[in-house]
Amino acid sequence: MLTIVLRSIIIYLIVLFVFRIMGKRQLGQMQPFELVLTLIIADLATIPMAEVSVPVLHGIVPLFTLVILHFILTFFCKLSLKMSALISGKPVIVINPDGIDYKAMKKLNLTIDDIFEAMRGLGYFSLDQVEYAIMETNGKISILPKAESMPVTNDSMKIKVEPSALPITIISEGKIIKENLQLANFEEKNLFKFLTKNLNKTKLKDVLIMTVDFNGQVFLQTKKGKRQTFENARLK
Amino acid sequence: MKTFSNIMLILIFAFLVSICIIEEFVVSNSLSQAMNDSLYIEKLLDEDNQLKSMTISLAVDDLEYHWIKNESKMCYLVNHKNIQEIGLEISKLKIYQKDDDLKEFEACLNAVKFYSQGYTHFMGASVHNVL
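Chains A and B supply the protein sequences, listed in that same order.
Here numbering that gives the first Met the number 0 is used: position 187 in the first sequence is 186, and no number is missing along the way.
Here numbering that gives the first Met the number 0 is used: position 92 in the second sequence is 91, and no number is missing along the way.
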């Protein structure tokens with residue numbers, strides 16, 4: 000049993016390493032060849048884990064071979080558009096201003112239900128609302144709504160707004176993220192002063208979340224308390 | 000990150016190449032040693048038809064010693080179940096030598112030779128194995 004435990008740890012670490020080196024794409028964003036690789040990797044990893052007579056190398060060698068293959072395919076995809084189209088396919092327009100492209104739909108093996116499901120998922124319940132629908136190479140459907148169905152934006156209303164500020168997490172579940180503190184250009188002593196002033200007797204470990212954006216807006220919530228927002232907090 | 004990935008890729012590639020070379024080397028050496036040891040025993044048997052002679056006994060011990068040593072190396076590279084028959088036949092060889100059973104001894108020796116040759120074919124890199 001100890002052998003199986005140790006083998007499982009080794010294989011787990013190697014599979015983790017393989018996925019890390021292959022990139023951070025999520026399952027839904029995978030290209031066809033990436034999905035195939037993932038499925039094979041999952042299967043390969045279990046063989047030496049459970050079968051003690053099979054050397055661990057029999058799991059590692061194919062895994063590493065697939066990593067090399069993955070990078071070769073990715074390299075060729077980047078090198079030429081034709082190669083990319085051959086390996087990953089091309090995005091296909093399934094709805095155009097004339098309506099549903101039946102030929103494209105049949106070619107992609109899609110049903111009307113699939114198209115409507117994708118439309119509903121993006122908030123469009125009628126074909127009237129959709130100008131274009133494109134089947135992406137990763138299997139997702141992207142939709143360009145008709146101008147009259149597009150959501151209203153500040154830009155379309157010609158409203159001037161302040162630029163968006165990215166909030167930086169300073170404290171997460173009682174722990175100060177020093178990297179982010181430096182990124183926000185804040186001093187730790189000022190942070191403690193701010194916490195003492197605004198949290199009464201609450202300790203640092205009781206802080207659930209504290210974020211700061213570059214406009215100086217602080218969002219603070221303790222584990223048992225309600226959220227508080229502070230404008231122009233001086234932490235510098 | 001890009002440099003790290005490139006370095007890792009080169010390392011992985013080097014690892015794969017070296018594993019393939021080591022496997023080829025270890026497997027062919029181990030099996031050819033088993034084959035040579037068996038042929039030597041066969042030669043001794045032809046020269047002197049006595050199973051219980053000291054020379055044959057030492058040769059069988061050598062065959063067993065070399066196989067155990069090589070088998071432990073091969074276990075890192077090939078499925079253990081695929082190579083266990085040679086070990087089994089060598090154990091039988093020792094029993095039949097003790098019992099002075101020449102026919103069975105020869106049959107086991109032939110089995111060791113057969114498996115050594117067969118495994119070389121089965122484990123080496125060839126079009127047959129790839130397809």
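Ideal Cβ positions, reconstructed from N, Cα and C, are used throughout, including at glycine.
For a contact defined as C-beta to C-beta under 8 Å, what are the partners of residue i on chain A?
i, result
"isoleucine 18 of chain B", "Leu56, Val60"
"isoleucine 67 of chain B", "Within chain A, no residue comes near isoleucine 67 of chain B; the closest Cβ sits about 17 Å away, beyond 8 Å."
"phenylalanine 12 of chain B", "Ile67"
Can you list the residues of chain B that residue i reaches, using a CB-CB cut of under 7 Å?
i, result
"phenylalanine 213 of chain A", "Result: empty, since nearest Cβ-Cβ is about 26 Å, beyond 7 Å."
With 8 Å set as the bound, which would you pick, yes or no: does the beta-carbon of residue i sit closer than that to a beta-carbon of chain A?
i, result
"methionine 122 of chain B", "no"
"leucine 8 of chain B", "yes"
"isoleucine 40 of chain B", "no"
"serine 52 of chain B", "no"
"leucine 130 of chain B", "no"
"leucine 15 of chain B", "yes"
Of all the CB atoms in chain B, is at least one closer than 8 Å to the CB of residue i?
i, result
"valine 14 of chain A", "no"
"glutamate 67 of chain A", "The amino acid at residue 67 of chain A is misidentified as glutamate; the sequence shows isoleucine. It does; some Cβ of chain B falls within 8 Å."
"isoleucine 142 of chain A", "no"
"threonine 64 of chain A", "yes"
"isoleucine 20 of chain A", "yes"
"serine 52 of chain A", "yes"
"phenylalanine 75 of chain A", "no"
"phenylalanine 70 of chain A", "yes"
By alpha-carbon positions, which one of the options ends up nearest to residue i?
i, options, result
"isoleucine 55 of chain B", "B:Leu15, B:Leu38, B:Trp66", "B:Leu38"
"lysine 223 of chain A", "A:Glu230, A:Asp205, A:Asp212, A:Val217", "A:Asp205"
"isoleucine 133 of chain A", "A:Asp100, A:Asp154, A:Leu165, A:Ile170", "A:Asp100"
"lysine 97 of chain B", "B:Asp60, B:Asp36, B:Met73", "B:Asp60"
"lysine 131 of chain B", "B:Gly86, B:Asn48, B:Ala13", "Residue 131 of chain B lies beyond the range of chain B shown here (0 to 130); nothing can be said about it."
"leucine 172 of chain A", "A:Ile208, A:Pro47, A:Thr195, A:Leu36", "A small correction: the amino acid at residue 172 of chain A is glutamate; leucine does not occupy that position in the sequence shown. Selected option, being the one with the closest Cα: A:Ile208."
"cysteine 76 of chain A", "A:Phe32, A:Tyr123, A:Thr37", "A:Phe32"
"asparagine 214 of chain A", "A:Gly122, A:Glu161, A:Ser7, A:Ala146", "A:Glu161"
"asparagine 48 of chain B", "B:Val111, B:Lys112, B:Lys102, B:Tyr114", "B:Lys102"
"glutamate 63 of chain B", "B:Val126, B:Gln32, B:Ala106", "B:Gln32"
"leucine 85 of chain A", "A:Glu230, A:Ile158, A:Gln30", "A:Gln30"
"serine 153 of chain B", "A:Tyr11, A:Thr2, A:Val17, A:Ile9", "Outside the shown range of chain B, which is 0 to 130, sits residue 153 of chain B, and nothing can be said about it."
Could you work out which residues of chain A lie near residue i, taking near to mean beta carbons separated by less than 7 Å?
i, result
"phenylalanine 24 of chain B", "Neighbours of phenylalanine 24 of chain B on chain A: none; closest Cβ ~15 Å, over 7 Å."
"serine 4 of chain B", "Ile20"
So residue i packs on residue j, CB below 8 Å; how close in whole Å?
i, j, result
"leucine 180 of chain A", "leucine 190 of chain A", "7 Å"
"histidine 69 of chain A", "leucine 15 of chain A", "That pair is no contact at about 16 Å."
"arginine 6 of chain A", "valine 55 of chain A", "6 Å"
"leucine 43 of chain B", "isoleucine 67 of chain A", "Incorrect: roughly 49 Å between the Cβ atoms, too far for contact."
"glutamate 88 of chain B", "alanine 58 of chain B", "No, glutamate 88 of chain B and alanine 58 of chain B are not in contact; Cβ-Cβ is about 15 Å, not under 8 Å."
At a cut-off of 7 Å, is residue i close to the ligand GTP when judged by its beta-carbon and the heavy atoms of the ligand?
i, result
"serine 7 of chain A", "No copy of the ligand GTP appears in this structure; indeed no ligand is present at all."
*With 8 Å as the limit, tell me which residues of the stretch 73-95 of chain B have their beta carbon closer than that to any beta carbon of chain A; keep them in chain order.*
Cys74, Tyr75, Leu76, Val77, Asn78, His79, Lys80
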